[in-house]
Amino acid sequence: MSNTLCVDIGGTGVKLIVVDVDGHQLCERQKLPTPNPATPESILEVIETLTVEVPDFDRISVGFPGVVRDGVIETAANLDQHWPGTNLVERLQNKLGKPVRVANDADVQGFGCVTGHGVEMVLTFGTGMGSALFIDGCLVPNLELAHHVFKKGKTYEDYVGRDALESIDKTRWIQRVKRVIASTKEVWNWDLMHLGGGNTKILKNECFADNIRLHSNKAGVLGGYYLWK
Numbered sequence: 004m005s006n007t008l009c010v011d012i013g014g015t016g017v018k019l020i021v022v023d024v025d026g027h028q029l030c031e032r033q034k035l036p037t038p039n040p041a042t043p044e045s046i047l048e049v050i051e052t053l054t055v056e057v058p059d060f061d062r063i064s065v066g067f068p069g070v071v072r073d074g075v076i077e078t079a080a081n082l083d084q085h086w087p088g089t090n091l092v093e094r095l096q097n098k099l100g101k102p103v104r105v106a107n108d109a110d111v112q113g114f115g116c117v118t119g120h121g122v123e124m125v126l127t128f129g130t131g132m133g134s135a136l137f138i139d140g141c142l143v144p145n146l147e148l149a150h151h152v153f154k155k156g157k158t159y160e161d162y163v164g165r166d167a168l169e170s171i172d173k174t175r176w177i178q179r180v181k182r183v184i185a186s187t188k189e190v191w192n193w194d195l196m197h198l199g200g201g202n203t204k205i206l207k208n209e210c211f212a213d214n215i216r217l218h219s220n221k222a223g224v225l226g227g228y229y230l231w232k
């Protein structure tokens, strides 16, 4: 029997939950605001604080907002500048004394959403924009679409990230999201699009095609279960 602590590190909040051997949650999702500055040390302290009220766990999964390679952080655009080069697996194992696996947060979200059939894309809308691509359930890791130029010198994240949402009305932001979805369809010809992240709630009353699905923000946490599958 192995319970998994699933952690989702975001630019706005740090969230975690414990799931059992079958992926069923054993407690309510715990959350605290992302500290400022969001250094490795401060994030690790928040994670440790959040574990006080959860059931016992045997292993840890982490979704991180940036490129992750072999447990080492390569980019962290929406966190502190000291993250690149940090071995998050090693640091968190030393702090909590449990085995750890770490992946890009959109990749983790995807594990909690995809069907495993055909080309599936995941876009997450929160502080920034996350992206992931799966082919028959196999991940193409670290697809950082957010930082590519999309329109008029703006990156995808500039166009639909939190700062953009706060600078325009929700109706215009929704139209921007739809343009981004259309753009990805032209490039990747995906069969199924999954939309997640905290700001996806703004899209809940929109009519989308049958091959576009909205998911609860909780999927970003629960998807960590699959890092151990």
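In our numbering, the protein residues as written are 4 to 232.
A virtual CB, placed ideally from N, CA and C, is assigned to each residue, including glycine.
Thinking C-beta only, is residue j closer than 7 Å to residue i?
| i | j | result |
| --- | --- | --- |
| ILE20 | VAL183 | no |
| CYS30 | GLY227 | no |
| ASP108 | PRO40 | no |
| VAL75 | ASN90 | yes |
| LEU148 | TYR159 | yes |
Just the Cα atoms here: how many angstroms apart are residue i and residue j?
| i | j | result |
| --- | --- | --- |
| HIS120 | ASP139 | 4 Å |
| THR78 | THR127 | 17 Å |
| GLY69 | GLY131 | 10 Å |
| PHE60 | THR174 | 42 Å |
| ILE12 | PRO87 | 15 Å |
| GLY115 | SER219 | 10 Å |
| ARG62 | PRO43 | 20 Å |
| TRP193 | MET124 | 6 Å |
| ASN145 | VAL122 | 16 Å |
| ARG32 | LYS18 | 7 Å |
| LYS98 | ASP73 | 18 Å |
| ALA80 | GLY14 | 9 Å |
| ASP172 | LYS154 | 19 Å |
| LEU198 | ALA222 | 10 Å |
Tell me where the alpha helix (DSSP H) around residue i begins and ends.
| i | result |
| --- | --- |
| ASN97 | 91–99 |
| GLN178 | 173–191 |
For the beta strand (DSSP E) containing residue i, list its first residue and its last residue.
| i | result |
| --- | --- |
| LEU126 | 122–128 |
Using DSSP's beta-bridge definition, name the partner residues of residue i.
| i | result |
| --- | --- |
| GLN112 | Paired residues: none, contrary to the question. |
| ARG216 | HIS197 |
| CYS9 | ILE20, SER64 |
| PHE137 | GLU123, LEU142 |
| ILE76 | VAL71 |
| LYS221 | Bridge partners of LYS221: none, in fact. |
| VAL152 | THR158 |
| ALA106 | GLY66 |
Ignore the nearest five residues each way along the sequence and tell me which others in residue i's own chain have a CB closer than 6 Å to its CB.
| i | result |
| --- | --- |
| PRO36 | GLY16 |
| TYR229 | PHE114 |
| VAL180 | VAL163 |
| VAL65 | VAL10, VAL105 |
| GLY201 | GLY129, ASN220 |
Grab me the residues of residue i's own chain with a C-beta within less than 8 Å of its C-beta, minus the 5 sequence neighbours each way, in chain order.
| i | result |
| --- | --- |
| LYS204 | ASN220 |
Note down, in chain order, each residue of its chain lying with its Cβ closer than 7 Å to the Cβ of residue i, except the 5 sequence neighbours on either side.
| i | result |
| --- | --- |
| GLN96 | PRO102, VAL103 |
| ARG94 | PRO43, LEU47 |
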